[in-house]
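Visitor: Its first residue numbered 49, the sequence shown is counted upward by one per residue in the working numbering. Quick one: structure below, then a few questions.
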Amino acid sequence: AMFYFYERFKQLLSSDKDEPELFQRILSGASAGAIANTLTYPMDPIKAIMSSDFDGKLGGIGNVCKTIYMRSGLTGFYHGWTATM
Numbered sequence: 049a050m051f052y053f054y055e056r057f058k059q060l061l062s063s064d065k066d067e068p069e070l071f072q073r074i075l076s077g078a079s080a081g082a083i084a085n086t087l088t089y090p091m092d093p094i095k096a097i098m099s100s101d102f103d104g105k106l107g108g109i110g111n112v113c114k115t116i117y118m119r120s121g122l123t124g125f126y127h128g129w130t131a132t133m
C-alpha cells in the first residue's frame with residue numbers, strides 16, 4: 049500500500065514528469081507512510097490481544113474483532129494510533 053500511495057502522491061505533487069524535487073519526495077513519502085499506517089493499524093490491537101490470550105478463551109480473530117468493537121466501537125481499533133503517528 050505504501051509504494052502505491054508514494055507513487056500517486058509523487059505524480060500529484062510533481063509539476064513535470066522528470067525527477068521530483070527533494071521536498072516533493074519527502075512529502076510523498078510522509079503522506080504515503082501515514083496512509084499506509086492508518087490502513088494497517090487496526091491489526092496492531094488485534095495482534096496484541098491475541099498474543100496475550102494464553103489460554104485461548106477469546107477464540108480466533110473474528111471473536112477478537114467482535115470484542116474490540118463491542119468494548120470501544122471502531123475507535124478501539126485505532127487505540128494508540130496518535131502515538132504512532
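Just so you know, even glycine gets a beta-carbon here, dropped at the ideal spot from N, CA and C. The structure presented is a predicted model; accordingly, all values stated were derived computationally and were not measured.
Using the Cα positions of L87 and A96, report the straight-line distance between them to the nearest angstrom.
Guide: Walking along the sequence shown from the start, residue 87 turns up at place 39. Walking along the sequence shown from the start, residue 96 turns up at place 48. In a straight line, the C-alpha of L87 is about 17 Å away from that of A96.
Visitor: Relative to the alpha-carbon of M98, which residue among K114, S120, F71, N85 has its alpha-carbon at the smallest distance?
Guide: Translated into the one-based positions of the sequence shown, residue 98 becomes position 50. M98 has its Cα closest to that of K114, out of K114, S120, F71, N85.
Visitor: Any idea what DSSP makes of S100, helix, strand or coil?
Guide: Stepping through the sequence shown from its first residue, residue 100 is reached at position 52. Look at S100 here: in three-state DSSP terms it is helix.
Visitor: Identify which residue in F71, D103, A82, K105 has its Cα closest to the Cα of A131.
Guide: Reading the sequence shown from its first residue, position 83 is the one you call residue 131. A131 has its Cα closest to that of A82, out of F71, D103, A82, K105.
Visitor: Does DSSP put A82 in a helix, in a strand, or in coil?
Guide: Along the sequence shown, one-based indexing puts residue 82 at 34. Residue state, collapsed to three classes: helix.
Visitor: Exposed or buried, what is S100 when buried is set at 16 or more other beta-carbons lying within 10 Å of its beta-carbon?
Guide: What you label residue 100 is simply residue 52 of the sequence shown in a count that begins at 1. It counts as exposed.
Visitor: Give the straight-line distance between the Cα atoms of G107 and G128, rounded to the nearest whole angstrom.
Guide: Within the sequence shown, numbered from 1, the residue matching residue 107 stands at position 59. Within the sequence shown, numbered from 1, the residue matching residue 128 stands at position 80. Cα-Cα distance, rounded: 24 Å.
Visitor: Taking its Cβ as the centre, do 16 or more other Cβ atoms sit within 10 Å of M76, making it buried, or is it exposed?
Guide: Locating residue 76 in the sequence shown gives position 28, where the first residue counts as 1. According to the sequence shown, residue 76 is Ser rather than Met. By the 10 Å Cβ count, S76 comes out buried.
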